[in-house]
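First to last, the sequence lines map onto chains A and B.
For the first sequence, counting from 1, position 58 maps to 353 in our numbering; every step adds exactly one.
For the second sequence, counting from 1, position 220 maps to 515 in our numbering; every step adds exactly one.
Each residue gets a CB set at the ideal place from its N, CA and C atoms; glycine is no exception.
Keep in mind that this is a model prediction, so the values were computed, not measured.
Protein chains: 2
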Amino acid sequence: MSACLVVLSGGQDSTTCLAWAKRRWTVVDAITFDYGQRHRVELDCAVEVARRAGVRHHRTITVDSLKQLGGNTLTSETGAVLGVTGPGGLPNTFVPGRNLLFMTLAAAWAWQLGTTDLVTGVCQTDYSGYPDCRADTMAALQQALRLGLESQITIHTPLMWIDKAESVRLAQAEGGLDLLAWTHTCYAGQVPPCAVCPACVLRAKGFAEVGIADPLLVRLGQPV
Amino acid sequence: MSACLVVLSGGQDSTTCLAWAKRRWTVVDAITFDYGQRHRVELDCAVEVARRAGVRHHRTITVDSLKQLGGNTLTSETGAVLGVTGPGGLPNTFVPGRNLLFMTLAAAWAWQLGTTDLVTGVCQTDYSGYPDCRADTMAALQQALRLGLESQITIHTPLMWIDKAESVRLAQAEGGLDLLAWTHTCYAGQVPPCAVCPACVLRAKGFAEVGIADPLLVRLGQPV
Numbered sequence: 296m297s298a299c300l301v302v303l304s305g306g307q308d309s310t311t312c313l314a315w316a317k318r319r320w321t322v323v324d325a326i327t328f329d330y331g332q333r334h335r336v337e338l339d340c341a342v343e344v345a346r347r348a349g350v351r352h353h354r355t356i357t358v359d360s361l362k363q364l365g366g367n368t369l370t371s372e373t374g375a376v377l378g379v380t381g382p383g384g385l386p387n388t389f390v391p392g393r394n395l396l397f398m399t400l401a402a403a404w405a406w407q408l409g410t411t412d413l414v415t416g417v418c419q420t421d422y423s424g425y426p427d428c429r430a431d432t433m434a435a436l437q438q439a440l441r442l443g444l445e446s447q448i449t450i451h452t453p454l455m456w457i458d459k460a461e462s463v464r465l466a467q468a469e470g471g472l473d474l475l476a477w478t479h480t481c482y483a484g485q486v487p488p489c490a491v492c493p494a495c496v497l498r499a500k501g502f503a504e505v506g507i508a509d510p511l512l513v514r515l516g517q518p519v
Numbered sequence: 296m297s298a299c300l301v302v303l304s305g306g307q308d309s310t311t312c313l314a315w316a317k318r319r320w321t322v323v324d325a326i327t328f329d330y331g332q333r334h335r336v337e338l339d340c341a342v343e344v345a346r347r348a349g350v351r352h353h354r355t356i357t358v359d360s361l362k363q364l365g366g367n368t369l370t371s372e373t374g375a376v377l378g379v380t381g382p383g384g385l386p387n388t389f390v391p392g393r394n395l396l397f398m399t400l401a402a403a404w405a406w407q408l409g410t411t412d413l414v415t416g417v418c419q420t421d422y423s424g425y426p427d428c429r430a431d432t433m434a435a436l437q438q439a440l441r442l443g444l445e446s447q448i449t450i451h452t453p454l455m456w457i458d459k460a461e462s463v464r465l466a467q468a469e470g471g472l473d474l475l476a477w478t479h480t481c482y483a484g485q486v487p488p489c490a491v492c493p494a495c496v497l498r499a500k501g502f503a504e505v506g507i508a509d510p511l512l513v514r515l516g517q518p519v
């Protein structure tokens, strides 16, 4: 029996990865992180997507430590405008070390499950100042995890080098469009999505380029 | 102004590192992790040691995520006997990914403090089945942190290649013996220490080899 563990946020990218993983492993588990993100709807989406995809184990892990270490606009209620540059020239949506932390926790659970394959939707193509999403970061982290856990952990990143349109095509090819109907993307936390925040715009652009309707908007009876 | 961040558990090793760091940086900050360890006395020791050493900022960060991912003998109240082998041939005191997680959180705080130097008491000499304490693991993690945070993080491990006796000599040379009087080592959580658990025995052996009295035992009026 082959199994993998998908890091599932409840968004478009990780859900596409889940569809991709379902075609490649007999058993798929999923882990979601509640790190005090502004919009709880994303966590609900992760639960719904995991259920519909038939994952074996799905756990939502509360990660308070990032909040304790200080806020930023993705975790604080009274944050500044998204997209503004913060310390070090990075966007103020940058939560330092977030992906490193999440992947380490995922690997720790994988270790207990006896799983060595991790799947994450990080993507260098849309690289918007998040250095912990880059391929070289993931490669270094994979090495640290292999050594630190004495386990042949492999971090799979099926979206690393593709853009949003190719990601939509991938979801389609892997039979994942139905799952995308239950995802959340909107930075403003709105359902139906606001259609004007950078995340909504990027998502819409991907579907437009492929020429198919976003299943989320179809499900919600929104104009596509 | 040069500053560093010490990962401080409240034990002998990290306290020795703190003394070492005080001689090398103008400003020293410290971070402690409350991960549900069996004995809270260690956390109190970290606070006391930090206060006495005059660190600038000391924070104790609660890390619940490890507990959520499942117990082991160091975090569970009703655990098995310490030292017994668990999954993968590792000791049942192994918390998978613990040091990776702690160093990543430390780096995240360092990033916010504008600090790039981290100090940790991990040690390969006493290597007792903890792969996340090894030099090659730390080197790989340092690379992952550098890339993931776009910061020239350096992980300093002054104890990596020395044994407990040399560690006692280092504490002495760095003027850290007074601080060791306020540390906690005993696996049984006892104050005064039980003197029979593996941690107590190892500590006593170090002081005996150097031929000096353990300042903790002296402070508590115990036989040395």
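Could you give the C-beta distance for residue i and residue j, rounded to a whole number, given that I count them as a contact under 8 Å?
{"i": "A/Leu395", "j": "B/Leu300", "result": "Contact doesn't hold; Cβ gap of about 16 Å is too wide."}
{"i": "B/Thr310", "j": "B/Leu475", "result": "6 Å"}
{"i": "A/Tyr330", "j": "A/Leu361", "result": "5 Å"}
{"i": "B/Thr321", "j": "B/Ala298", "result": "7 Å"}
{"i": "B/His334", "j": "B/Gly506", "result": "Rounded, the Cβ-Cβ distance is 29 Å, inconsistent with contact."}
{"i": "B/Val271", "j": "B/His451", "result": "In this structure chain B extends from 296 to 519, so residue 271 of chain B is not present and cannot be described."}
May I have the straight-line CA-CA distance separating residue i from residue j, to the nearest angstrom?
{"i": "B/Trp517", "j": "A/Ala401", "result": "The residue asked about is misnamed: residue 517 of chain B is Gln in this sequence, not Trp. Computed Cα separation, rounded: 45 Å."}
{"i": "A/Leu472", "j": "B/Asp431", "result": "42 Å"}
{"i": "A/Pro391", "j": "A/Arg514", "result": "35 Å"}
{"i": "A/Glu343", "j": "A/Trp477", "result": "7 Å"}
{"i": "A/Thr411", "j": "A/Cys340", "result": "26 Å"}
{"i": "B/Ala494", "j": "B/Thr480", "result": "6 Å"}
{"i": "B/Cys492", "j": "A/Ala466", "result": "55 Å"}
{"i": "A/Arg498", "j": "B/Leu338", "result": "46 Å"}
{"i": "B/Thr355", "j": "B/Leu313", "result": "16 Å"}
{"i": "B/Trp456", "j": "B/Pro426", "result": "15 Å"}
{"i": "A/Glu504", "j": "A/Gly416", "result": "20 Å"}
{"i": "A/Leu436", "j": "B/Arg429", "result": "15 Å"}
{"i": "B/Asp359", "j": "B/Trp406", "result": "22 Å"}
{"i": "B/Gly470", "j": "B/Cys489", "result": "26 Å"}
{"i": "A/Ala508", "j": "A/Gln307", "result": "14 Å"}
{"i": "B/Gln438", "j": "A/Leu408", "result": "27 Å"}
{"i": "A/Ala468", "j": "A/Ala316", "result": "12 Å"}
{"i": "B/His353", "j": "A/Thr449", "result": "36 Å"}
{"i": "A/Val496", "j": "B/Thr420", "result": "54 Å"}
{"i": "B/Ala434", "j": "A/Trp404", "result": "23 Å"}
{"i": "A/Arg245", "j": "A/Arg347", "result": "Here chain A has residues from 296 to 519 only, and residue 245 of chain A is not among them."}
{"i": "B/Thr357", "j": "B/Arg393", "result": "13 Å"}
{"i": "B/Gln502", "j": "B/Thr399", "result": "The amino acid occupying residue 502 of chain B in the given sequence is Phe; Gln does not appear at that position. About 32 Å."}
{"i": "B/Phe397", "j": "A/Gln332", "result": "21 Å"}
{"i": "B/Val350", "j": "B/Val519", "result": "30 Å"}
Is there a Cβ of chain A sitting closer than 7 Å to that of residue i, yes or no?
{"i": "B/Leu472", "result": "no"}
{"i": "B/Trp456", "result": "no"}
{"i": "B/Pro487", "result": "no"}
{"i": "B/Ala402", "result": "yes"}
{"i": "B/Gly331", "result": "no"}
{"i": "B/Val379", "result": "The pLDDT assigned to B/Val379 is 42, lower than 50, so where the model puts this residue is not dependable; a value taken from the coordinates is nonetheless given after this. No, no contact with chain A."}
Below 9 Å on C-beta distance, what does residue i contact in chain B?
{"i": "A/Ile450", "result": "Correct list: empty, because the minimum Cβ distance to chain B is about 11 Å."}
For a contact meaning CB atoms closer than 7 Å, what does residue i contact in chain A?
{"i": "B/Arg319", "result": "Neighbours of B/Arg319 on chain A: none; closest Cβ ~24 Å, over 7 Å."}
Quick check: is the beta carbon of residue i nearer than 7 Å to any beta carbon in chain B?
{"i": "A/Gly443", "result": "yes"}
{"i": "A/Val358", "result": "yes"}
{"i": "A/Thr355", "result": "no"}
{"i": "A/Pro453", "result": "no"}
{"i": "A/Leu364", "result": "yes"}
{"i": "A/Pro493", "result": "no"}
{"i": "A/Pro426", "result": "yes"}
Strictly below 9 Å CB to CB, what residues from chain A border residue i?
{"i": "B/Arg429", "result": "Leu442, Gly443"}
Under 8 Å between beta-carbons, which chain A residues line up against residue i? List them in chain order, please.
{"i": "B/Ala439", "result": "Leu395, Thr432, Ala435, Leu436, Gln438, Ala439"}
{"i": "B/Gly392", "result": "Thr399, Leu400, Ala402, Ala403, Trp406, Leu440, Gly443, Leu444"}
Discussion item. Under 8 Å, with one C-beta from each stretch per pair, do the region 301-314 of chain A and the region 322-335 of chain A reach the 3-pair mark?
Written reply: yes
Item to complete: Examine the Cβ distances between the region 433-452 of chain A and the region 448-461 of chain B and report whether three or more of them are shorter than 8 Å.
Response: no
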